[in-house]
Amino acid sequence: MAEDWQAGGFGLYVHWPFCLSKCPYCDFNSHVAATIDQAAWGRAYLAEIDRVGALTKGRLLQSIFFGGGTPSLMDAELVAAIIDRARRWWPTVNDVEITLEANPTSVEAGRFRGYRDGGVTRVSMGIQALNDADLRALGRLHSADEAMRAFDVARGVFDRVSFDLIYARQNQTLEAWRAELKQALGLAIDHLSLYQLTIEEGTAFGDRYNAGKLRGLPDQDLAADMYEATQDICEAAGMPAYEVSNHARLGAESRHNQIYWRYGDYVGIGPGAHGRLTLGGTRHATEAERSPARWMQLVDQRGHGDIVYEPLTDTDALTEFLLMGLRLREGVDLGRLDALGGGVFDNNINGLIDIEMLERADGRLRLTPAGRPVLNAVLRGVLGG
Amino acid sequence: MTDLSHIRNFSIVAHIDHGKSTLADRLIQSTGTVQDRDMKAQLLDSMDIERERGITIKANTVRIDYVADNGEKYVLNLIDTPGHVDFGYEVSRSMRAVEGSLLVVDSTQGVEAQTLANVYQAIDADHEIVPVLNKIDLPASDVDRVKEQIEDVIGIDASQSMLVSAKTGIGIHETLEAIVHRLPAPKGDRNAPLKAMLVDSWYDSYLGVVVMIRVMDGMIRRGERIKMMQTGAVYGIDKLSVLKPQMVDIAELGPGEIGVFTASIKQVRDTRVGDTITHEKKGCETPLPGFKPAQPVVFCGLFPVDANDFEPLRDAIEKLALNDASFSFEMETSAALGFGFRCGFLGLLHLEVIRDRLEREYDLDLITTAPSVVYQLYMKDGEKRELHNPADMPDLTYVDHIEEPRIKATILVPDDYLGDVLKLCQDRRGVQLDLTYAGSRALVVYDLPLNEVVFDFYDRLKSVTKGYASFDYQLTGYQEDSLVKMSILVNDEPVDALSMMVHRDRAEMRGRAMVEKLKDLIPRHMFKIPIQAAIGGKVIARETLSALRKDVTAKCYGGDATRKRKLLDKQKAGKKKMRQFGKVEIPQEAFISALKMDD
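Sequences listed follow chains D and B, in order.
So that you can map any letter, position 192 of the first sequence is 240 in the working numbering, and since no number is skipped, the others follow by simple counting.
So that you can map any letter, position 312 of the second sequence is 1025 in the working numbering, and since no number is skipped, the others follow by simple counting.
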């Protein structure tokens, strides 16, 4: 019998934990280091791939994703070596997607060709804003012009280029965002990630916010207006949201991220990386040591960098299936939901269908347009109390 | 037994913070009753809450042996009376147990409303009153102005006032001499049948119930059989003592004397303040006048925040009730708040004290519902009912009319704020009874409905006068008025814990305030929620809580699954603190804040 993860697919995530500077909104596991021994990092990554490859040998690999941090600081040779090693363990689908996150600076654009030659098929660029003042406020090191030039290089090198913008920024008006978004759609090829600025604990913005010093953030109504405007404008431009913050032309969706949202299995390698692996019929959560130095040390001395490897309970898996799957416009498959024990939530789900937050259609359970902006409330409602 | 001519019994009347307890401490200390090393500041206030808040809740007493300047040895009995109007009846009994009072006034502050209420009790009890102006060592002290005020406002001669600093000890000796020479000795007949007044009682974990008495006539001895005339109960005296302030055993007590006994009494509830104690055989014929059973005036619901705390709450309430006959309780069920208790109190302070003790001494988290007074319902079929809980209000068609309790409120206020105070009293359906000036302050007397006072009157008064007003009240009786039950509906479901009795003319304003407050307290849901105040079927105020518009996490990738799952699990656990009304979840804090008396 097929295992549940197979309906979601299988991918590899590689975490590169270094940045040239830390952005004030970012709560990812990123570090600023003076020197990086890329060869040593390469040995550690390859050792980890060999370890997990032995456990999952023969699975069909759909995607590799280099995230960070700033993976566009990696040497092209290192990226190529990792891709090669992955291919040695896992057969890949014909149109395997290999994405690398890149900062839009001229230095990094200079490496794009090397990445492509090593096997990268797609870049995702952290452009974040289209004017210099806001880029500075967000702690970005590049200017809007520089970003545009890097973007031009990228689209000349890769078939698939996506970029990120952050909106609902400090003092941003609805009109300013609408204009910026239209400008972005003019540049975009086939994929855009549009994130509302989120203030996370433990970031510089978080500290400023807690101290009452982060002013000019939109209230719930303005944030909702911006979200709605984003949906309308993107939809009209033929780039509807296929996920909460991700927009694409049909067929240009990020396959790697869809593995997460469709609750497939994924290998997570590198400091702080998480994975989900079904082994021996049970889904497991893995989590690697966050500190780059300690992670290297663990891989070197103990043979692996994971600090968590634990089976998920049926309830945990069901919760994750829903919290990831309902992010997608396509929703979740009712057959899978049922098989994972989703029947326990039928009453809650029916209540939410009654108030038109959820709908069942075409064998799937998904959010209605009204439910999408309040996904967290819907999830609380589904999971009940 | 001490000869009557060498006994002086007195109390101290004072406003909070005017130095009553410090003066008492100093009198005790200077006569050597307590060794310096055993001296704890404010010796007589024994409960934590009393000491913290500087108020006396239970009567305390101390017997002081004093050798006067004339060489004679005197016994001085000081009863430290409860200083708050909630305990007005207890105060009146304590006052009947002594012949004189020291009226302590802070010479930097002047007379306050609370002083007035208590000094009137002393005047009612025919006390000889010795004014004591305290804190004369402070630069702000204004002895002449305060003397004038005592004469103007209270109407007693202040020319012979004692000038004291209880803190530094100035005037303490002179005050002791004044007690001996200016206060009358008690009267009584040691050969008459025993007649003693039960002044107070309390529970001691080693001794059981301890009863404080003042002997009027006759003698009481260890081992005798005595009878409580109101309850009819008979006991044998196990232990007879005087308080110095620790118990010192004594063989007998005679007329004019004050002491305590134990008699294997199980519960404080079995003793009634004001009861007359006599011998089982050959007792006196008539009891002392003025006995009244304890009557709760203010009611509210007490519910555990955590439903699992219901049994611990029951235990705690039962324990407290053993030691407080004036506190009543019965079980109550609320759709909103689950299982709890409807409790009756002598007043708002009493309510606060009990709640504080439950939370502090028994470590309970409580929700207190809006305090309500006791209404008299006159039904069309001639029946008369007491209404303690708005939730029990019958349909108006069966009710002929409703009476509510009224109070006489005494307010002293600097005249700068007089206008605001008059407006406040007027807004609260008050009727002015008197308005006089004493120096730069006005003395305002109003007839007010108690239900307007329990809501938030005192806090409004403090806020409009920047804390300069002082306030006291006494219950005067019941009066018919146009009263209705106001219900609160959230998403068309009535929320029983929020219903309240209001005057018809004030209903709209109160309803509006409540729905506006709830609109801020209830979190937005996925749908819009009407919040209404209604009388019967008629909506008098309405707000709409708009639907949640945006609550979605922007980023959620492979590395976020664990964290988001744990967050959802945590929120699920946190739901226990929510109360469900139909489709709406109301957080517990919303009840607490909506019902908070001091908002």
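Even for Gly, the Cβ is constructed at its ideal location relative to N, Cα and C.
DSSP assignment within the region 1213-1278 of chain B yields the following whole beta strand (DSSP E) runs of 3 residues or more, N-terminal first: 1213-1216, 1242-1248 and 1251-1258. Taking C-beta separations shorter than 6 Å and ignoring five residues to either side along the sequence, B/H886 has no partners in its chain. The beta-carbon of D/Y290 is placed no less than 8 Å from the nearest beta-carbon of chain B. Only N305, Y308, Y314 and G316 from the region 303-317 of chain D bring a Cβ to less than 7 Å from some Cβ of chain B. Residue-level contact check: D/S78 does not touch chain B, since none of the beta carbons of chain B fall below 8 Å from its beta carbon. Each of B/I863, B/L791, B/D799 and B/D778 was checked against the Cα of B/L1062, and the nearest Cα belongs to B/D799. Fewer than three beta-carbon pairs drawn from the region 74-81 of chain D and the region 124-140 of chain D are found closer than 8 Å, and the two stretches are therefore not classed as touching. The three-state reading of DSSP puts D/L400 in helix, counting H, G and I together. Of the other Cβ atoms in all chains shown, fewer than 16 fall within 10 Å of the Cβ of D/Y357; this residue is therefore exposed.
With contacts defined by Cβ atoms closer than 8 Å, B/T989 and B/K908 form a contacting pair. Exposure of B/K1093 is indicated by the presence of fewer than 16 other C-beta atoms within 10 angstroms of its C-beta.
By the rule that beta-carbons nearer than 8 Å mark a contact, D/D269 touches chain B.
Under the Cβ criterion of 8 Å, B/Q1089 is not counted among the residues facing chain D. Interface with chain B (8 Å Cβ-Cβ cutoff): D/P421 is included.
Contact of B/L1059 with chain D is not assigned, every C-beta pair being separated by 8 Å or more. Residue pairing by DSSP places D/L413 opposite D/V380 and D/R408 in a beta bridge.
Residue pairing by DSSP places B/S914 opposite B/V924 in a beta bridge. Listed along the chain, the chain B residues whose CB falls inside 8 Å of the CB of D/M372 are C1269 and A1274. Per DSSP, the beta-bridge partners of B/V817 are B/A727 and B/V845. Within the region 1170-1211 of chain B, the runs of beta strand (DSSP E) at least 3 residues long that lie entirely inside it are, in chain order, 1183-1194 and 1196-1203. Taking 4 residues as the minimum length, the alpha helix (DSSP H) runs contained wholly in the region 1017-1096 of chain B are 1023-1035 and 1061-1074, in order along the chain.
Checking the DSSP bridge columns, you'll see D/P288 has no partner listed. B/L1001 is the residue among B/N790, B/N722, B/Y1075 and B/L1001 whose C-alpha sits nearest the C-alpha of B/P906. Look at the region 153-179 of chain D: it has no residue with a C-beta under 9 Å from a C-beta of chain B. Interface annotation, B/V1265: in contact with chain D, CB-CB separation under 8 Å. For B/E864, there is no enclosing alpha helix (DSSP H), since its DSSP letter is neither H nor E. In the structure shown, D/E145 falls within a strand segment according to DSSP collapsed to helix, strand and coil. For D/R136, the enclosing alpha helix (DSSP H) begins and ends at A124 to W137.
Shown here, D/P340 sits in a helix according to DSSP, grouped into three states.
For D/E337, no chain B residue has a C-beta closer than 9 Å to its own C-beta; the minimum C-beta separation is roughly 14 Å.
Less than 8 Å divides the Cβ of D/A321 from the Cβ of D/Y61. Per DSSP, the continuous alpha helix (DSSP H) segment holding B/K1136 begins and ends at L1131 to D1140. For B/Q822, the closest Cβ of chain D is not nearer than 8 Å. The Cβ-Cβ distance between D/V155 and D/A202 does not fall below 8 Å.
Note: D/L327 is bridge-paired with D/T330 in the DSSP secondary-structure output. For the region 1240-1263 of chain B, residues whose beta-carbon sits nearer than 7 Å to a beta-carbon of chain D comprise F1240, L1261, R1262 and K1263.
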